């Protein structure tokens, strides 16, 4: 971050701008990390309960829980972004951007790791060692962004 501040400030000064403004702009870029929350709406005719996943700016998957085998219940697995598009058979219906501080981003990673460690996936209300994609995303985002509390729970509806 410091090297970006210096390079940005020197470039600005050489081009006639103010050193302080460039340093501040370069530092501000690193104050927040963005997550994307991808939502697939339910399609009962296709027996699809819908899906939700959270990814980091670099495309890495934060929360993306699936049942194995694909269906309404199974072993809890995490899929890549490309595997998710293939499994859902279509791009997401909506994508939401969520800005987090680096501290919140680290907490989100910790919560996501906990969700990935659950043994089972179930479309209906999961038990203690169960999860599903909406519960996992809700657990990852709710402590960090209070506006998300319970919001992701409505994404999955049993067909």
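In the numbering used here, the protein residues as written are 17 to 175.
Ideal Cβ placement from N, Cα and C applies to all residues, glycine included.
Please read all numbers here as calculations on a predicted model, not as lab measurements.
With DSSP run on the structure shown, which of helix, strand or coil describes residue i?
i, result
"residue 92", "strand"
"residue 110", "strand"
"residue 83", "strand"
"residue 98", "helix"
"residue 62", "helix"
"residue 38", "Its pLDDT being 48, under 50, residue 38 is placed unreliably in this model, and the value from its coordinates should be taken loosely. In the structure shown, residue 38 sits in a helix (DSSP, three-state: H, G or I)."
For residue i, which residues from the same chain have a beta carbon less than 8 Å from its beta carbon, with the 5 sequence-adjacent residues on both sides left out?
i, result
"residue 86", "103"
"residue 128", "70, 78, 79, 152, 156"
"residue 75", "97"
Going by DSSP, what residue range makes up the beta strand (DSSP E) through residue i?
i, result
"residue 157", "Premise fails: residue 157 lies in the alpha helix (DSSP H), 149 to 157, not in any beta strand (DSSP E)."
"residue 132", "No beta strand (DSSP E) holds residue 132; the alpha helix (DSSP H) holding it covers 118 to 132."
"residue 14", "Only positions 17 to 175 of the chain appear in the structure, and residue 14 is not among them; the question remains open."
"residue 139", "Careful: residue 139 lies outside any beta strand (DSSP E) and carries neither H nor E."
Could you pull out every residue in the same chain whose Cβ sits closer than 6 Å to the Cβ of residue i, ignoring the five residues on either side in sequence?
i, result
"residue 54", "69, 108, 111"
"residue 56", "66, 67, 104, 108, 109"
"residue 121", "49"
Rounded to the nearest angstrom, how far is the Cβ of residue i from that of residue j, given a contact under 8 Å?
i, j, result
"residue 73", "residue 98", "So it is not a contact: roughly 17 Å between Cβ atoms."
"residue 134", "residue 146", "6 Å"
Going along the chain, which residues of its own chain have a beta-carbon closer than 7 Å to the beta-carbon of residue i, five neighbours each way excluded?
i, result
"residue 44", "Any reading at residue 44 must be qualified, since the residue scores a pLDDT of 49, below 50, and its modelled position is unreliable; no value is offered."
"residue 90", "83, 84, 137"
"residue 93", "82, 84"
Please determine if the stretch 73 to 84 and the stretch 148 to 162 are in contact, where contact requires at least 3 C-beta pairs separated by less than 8 Å. With a cut-off of 8 Å on Cβ pairs, the stretch 73 to 84 is in contact with the stretch 148 to 162, counting three or more such pairs.
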